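Trainee: Supplied in structure tokens, the structure appears directly below.
Written as structure tokens, this is what we have:
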């Protein structure tokens, strides 16, 4: 009998990552869960009655490449090569380029959201290519489609996720390994609850996870969730710069370091 499929998820201790873990668990998948707050993940898994053979937890910091690479290698040693790898961990902090401290904040955002994503994929790419199958999922954001005032680090990092995944998809096209880019709109998580502006089409994490699960299984390469935000994003992309700038004039900015939250 074939062993149940395995999914490796970063940022699994809260928000989208945790909702994805629960969705895959309900579908009968084995879980490899990576996050800094490993004690919280253990409590979460125990509270849901997950059996010892259904999951493993790997304490790792995606902003440190060696840490998340080691977690990926440990996953393959303990559980085998995953069928799906979801690079979900990310942080969102407002920045003001005029402030010297915010340059360091930008470096931390890029280290987590970009280098961390590539380092998450790194241990699995060659092994998946040898097997001829697998899915690498990068969680980007609609914020990566156009830059928003005060969101420079986050928007730039998520735009980079979209481009990076597109590049990787081309590189792996003939290998049998699929690369999937998912762009969430607004999802009700600790990351968004401190936002000081309206969040249209706000989704519960469970609803997002269900849609993302189906997108990943469908073989799609790129999807905005929910679809309504995809329409909004396309319209914003088509707006002339002068109109776009006028539309966002006076919009509240994201909290800067020490004011916001991360996952």
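Residue numbers (the numbering used here): 34 to 296. Beta carbons are placed, not taken as given, at the ideal position from N, Cα and C, and that holds for glycine. From a predicted model like this one, the values you see are computed outputs, not experimental measurements.
Taking only runs of the beta strand (DSSP E) that begin and end inside the region 196-257, which ones reach a length of at least 3 residues, in chain order?
Mentor: 210-217
Trainee: In terms of residues, what are the limits of the alpha helix (DSSP H) holding residue 92?
Mentor: Counted as a single uninterrupted DSSP element, the stretch harbouring residue 92 is not any alpha helix (DSSP H) but the beta strand (DSSP E) occupying residues 88-92.
Trainee: Does DSSP put residue 43 in a helix, a strand or coil?
Mentor: strand
Trainee: Distance, Cα to Cα, residue 274 vs residue 196?
Mentor: 21 Å
Trainee: Express the C-alpha separation of residue 128 and residue 135 in angstroms, rounding to a whole number.
Mentor: 6 Å
Trainee: In its own chain, which residues sit with a C-beta less than 6 Å from the C-beta of residue 191, not counting the 5 before and 5 after it?
Mentor: 173, 174, 176 and 177
Trainee: Is it buried or exposed, residue 212, if we count other Cβ atoms within 10 angstroms and call 16 or more buried?
Mentor: buried
Trainee: Mind reading off the beta-carbon distance from residue 67 to residue 43? Whole number of angstroms is fine, and I expect it under 8 Å.
Mentor: 5 Å
Trainee: Taking a contact to mean a Cβ-Cβ separation below 8 Å, would you say residue 2 touches residue 53 in this structure?
Mentor: Nothing can be reported for residue 2: it is not among the residues displayed for the chain, which extend from 34 to 296.
Trainee: Distance check for residue 63 and residue 49, CA to CA, integer angstroms please.
Mentor: Rounded to the nearest angstrom, the two C-alpha atoms are 18 Å apart.
Trainee: Looking at residue 80: is its Cβ nearer than 8 Å to the Cβ of residue 88?
Mentor: no
Trainee: When burial is assigned at 16 or more other CB atoms within 10 Å of the CB, is residue 302 buried or exposed?
Mentor: The structure shown does not extend to residue 302, since the chain spans only 34 to 296, so no value can be given for it.
Trainee: Taking 6 Å as the limit between beta carbons, can you name the residues of its chain near residue 92, skipping five residues before and five after?
Mentor: Only 71 meet the Cβ criterion.
Trainee: Rounded to whole angstroms, what is the Cα-Cα separation between residue 182 and residue 123?
Mentor: 19 Å
Trainee: When you compare each of 112, 216, 90 and 82 to residue 21 by their alpha carbons, which one comes out closest?
Mentor: For the chain, the structure presents residues 34 to 296; residue 21 sits outside this window and is missing.
Trainee: Does residue 175 come out as helix, strand or coil in the three-state DSSP assignment?
Mentor: Residue 175 falls in the helix class under three-state DSSP.
Trainee: On the CB-based measure, 16 or more other CB atoms within 10 Å of its CB, does residue 38 come out buried or exposed?
Mentor: exposed
Trainee: Is it right to say residue 138 is buried, meaning 16 or more other beta carbons lie within 10 angstroms of its own, or is it exposed?
Mentor: By the neighbour-count rule (16 or more Cβ atoms within 10 Å), residue 138 is buried.
Trainee: One question on the structure: do residue 214 and residue 171 come within less than 8 Å of each other, judged by their Cβ atoms?
Mentor: yes
Trainee: Since residue 186 and residue 126 should fall inside the 8 Å C-beta cutoff, what is the C-beta to C-beta distance between them, to a whole number of angstroms?
Mentor: Yes, residue 186 and residue 126 are in contact; Cβ-Cβ is about 7 Å, under 8 Å.
Trainee: What does residue 167 pair with, by DSSP beta-bridge criteria?
Mentor: Listed as beta-bridge partners of residue 167 by DSSP are 210.
Trainee: Do residue 156 and residue 105 come within 8 Å of each other at the CB atom, strictly closer than that value?
Mentor: Yes, the Cβ-Cβ distance between residue 105 and residue 156 is below 8 Å.
Trainee: With a Cβ-Cβ cutoff of 8 Å, do residue 96 and residue 145 count as a contact?
Mentor: yes
Trainee: Rounded to whole angstroms, what is the Cα-Cα separation between residue 160 and residue 121?
Mentor: Rounded to the nearest angstrom, the two C-alpha atoms are 21 Å apart.
Trainee: Can you tell me which of the three DSSP states residue 194 falls into?
Mentor: helix
Trainee: List the endpoints of the continuous alpha helix (DSSP H) containing residue 72.
Mentor: 71-80
Trainee: Return the residue from the list 168, 184, 143 and 101 that minimises the CA-CA distance to residue 119.
Mentor: 168
Trainee: Could you check the C-alpha separation between residue 193 and residue 180 for me, to the nearest Å?
Mentor: Approximately 12 Å between the Cα atoms of the pair.
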